[in-house]
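Visitor:
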Amino acid sequence: MDFALLGSVAGFALATCGTPGPNNMLLTSSGTRFGYRPTLKLLLGIMLGLQALMLLTALGLGRLFLHWPALQWGLKMAGSGYLLWLAWQIASAPPPGAEEERLGMGWHQGALFQFLNPKSWLMAISAISGFTLAGEQYWPSAALVLAVFLFFGLLTGHVWALFGIHVRRWLRTDTDWRRFNRLMALLTAGSVAMIWW
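Spelled out as structure tokens, the structure:
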């Protein structure tokens, strides 16, 4: 194992998975609104989707964006639209009720969201193109990249979800919930700006 490569991949994975973005805003919002178990399902779905996206990128899907730049533009448009829709859903959500506690975004929604999330595409393409080795070392290095991203994605995703769960303790009134929902919606909508920079 190349420890220099491992260190570089780990640093990149920690930075990209741990910083604010659409996935982490969803995890925080879900942790606050629905609690740990539904948010764990969402986190597992996000990681499953990201792993599938990275594997497909390693198999050559990422090259489509190099050959057809219009695909990248279309993904940005679709991802931006979906994020703005999610922001609206978060902003207009009422305070949670007892029945709603068992709900939340399902794992399949989290997984499918990765294919509309431009940050996930950027992470996958950058990680596979930047940290895989040529020749016979390609697939072992690609497997290392996927494993490191899985580890740091689960770790940092838990941090964002637990942050949301702790925030819940401060939300005692309907007004508190409305303010929090608007803040999370604003942050989710704000992540659209990161897509276009």
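Taking this note's numbering, the leading residue of the sequence shown gets 23, the next gets one more, and so forth. We treat Cβ as the ideally placed atom computed from N, Cα and C, and that holds for glycine. No experiment lies behind these values; they were computed from the predicted model shown.
Threshold first: 4 residues or longer. Then list the alpha helix (DSSP H) segments lying entirely within the stretch 120 to 182, N to C.
Guide: List check, alpha helix (DSSP H) in window: 129 to 135 and 140 to 153.
Visitor: Excluding the five sequence neighbours on either side, which residues of its own chain have a C-beta within less than 7 angstroms of the C-beta of Ala113, listed in chain order?
Guide: Walking along the sequence shown from the start, residue 113 turns up at place 91. Excluding residues within five positions, the ones whose Cβ falls inside 7 angstroms are Asn203, Arg204 and Ala207.
Visitor: Could you tell me how far apart the beta carbons of Gln111 and Ile68 are, in whole angstroms, since I believe they sit closer than 8 angstroms?
Guide: Within the sequence shown, the letter at position 89 stands for residue 111. Within the sequence shown, the letter at position 46 stands for residue 68. Not confirmed; about 17 angstroms, so no contact.
Visitor: Buried or exposed for Arg191, going by 16 or more other Cβ atoms inside 10 Å?
Guide: In the sequence shown, residue 191 corresponds to position 169, counting from 1. Exposed: under 16 other Cβ atoms inside 10 Å.
Visitor: Could you pull out every residue in the same chain whose Cβ sits closer than 6 angstroms to the Cβ of Ala80, ignoring the five residues on either side in sequence?
Guide: The residue labelled residue 80 in the question sits at position 58 within the sequence shown. Ile150 and Ala164, listed in sequence order.
Visitor: Going by C-alpha distance, which of Met99, Thr61, Val167 and Thr41 is nearest Gln131?
Guide: Translated into positions along the sequence shown, residue 131 becomes position 109. For Gln131, the nearest C-alpha among the options comes from Thr61.
Visitor: State buried or exposed for Ala37, treating a residue as buried only when at least 16 other CB atoms are found within 10 Å of its CB.
Guide: Here residue 37 is taken as the residue at index 15 of the sequence shown, counted from 1. Exposed, since its Cβ has fewer than 16 Cβ neighbours within 10 Å.
Visitor: State yes or no: is the C-beta of Ser51 nearer than 7 angstroms to some heavy atom of the ligand SAH?
Guide: By its list of ligands, the structure shown contains no ligand whatsoever, and the ligand SAH lies outside what it can speak to.
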